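Here is the structure we will look at.
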Amino acid sequence: MSRRAFSTEEKRQIISKIQSGVKNGELSKEWKTSASMISIIWKNRDKILNTQGVSSVRRLRELKNKNLDNVLYQWFKQQQALKIPISSPILQGKANKLATKLGMINFDCSTSWVQRLRARHGIVYGKIVVNFVKYNFCPEIFKFKACDPGPSTVYSQAAVSAVIAI
């Protein structure tokens, strides 16, 4: 029998089968793993069952900065409600500012931390519909100048981020 990494959904299936009365030995043969691996899954059942919405994660880790994560996600939802697009660099900068306000001395937000935040909360990239003035780049004066495209225009995330950064 080889060692195998199970997804959270597979672990939930194993737990439900144990709860219905199937023996560890039978499950180990069915899932082609050792009986001790099934026992470990059973031992950690509370942790596994308390993960909501996570099905593809193979290893469950405790979040170190829960408070920062929650505050940053609430801020993101407020910005989203206002139809303000937020890019990863903006999230990264806001995370660093919030960490300072929360008294986290050695926190330096990395790109991978922002990627994991996006994955945890299902924040995706894409096109965003916004209702504000479109900006065009004017090379003569090296600035963006406004033009009115209409009430609702679709912009890419990168284009909107460039406008907000200025």
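full-length UniProt numbering numbers the first residue of the sequence shown as 1 and each following residue consecutively.
Don't be surprised by glycine CBs; every beta carbon is placed ideally from N, CA and C.
Here the structure is a predicted model, which is why all the values come from computation and not from measurement.
1. Across the region 85-95 and the region 19-38, are there enough close Cβ pairs to call them in contact, namely three or more that are closer than 8 Å?
2. Taking A95 as the reference, give the member of Q80, Q74 and L82 with the closest Cα.
3. What does the alpha-carbon distance come out to for the pair I101 and Q115?
4. Contact check, K17 vs L27 under 8 Å by CB: the rounded distance?
5. With a threshold of 8 Å on Cβ separation, who are the neighbours of D69 within its own chain once the five nearest residues in sequence on each side are excluded?
6. Let me check understanding here. Comparing Cα to Cα, which of I123, F6 and I105 lies closest to N44?
Quick look at the numbers:
1. no
2. Q74
3. For the record, residue 101 in the displayed sequence is Lys; it is not Ile. Computed Cα separation, rounded: 22 Å.
4. 6 Å
5. L63, L117 and R120
6. F6
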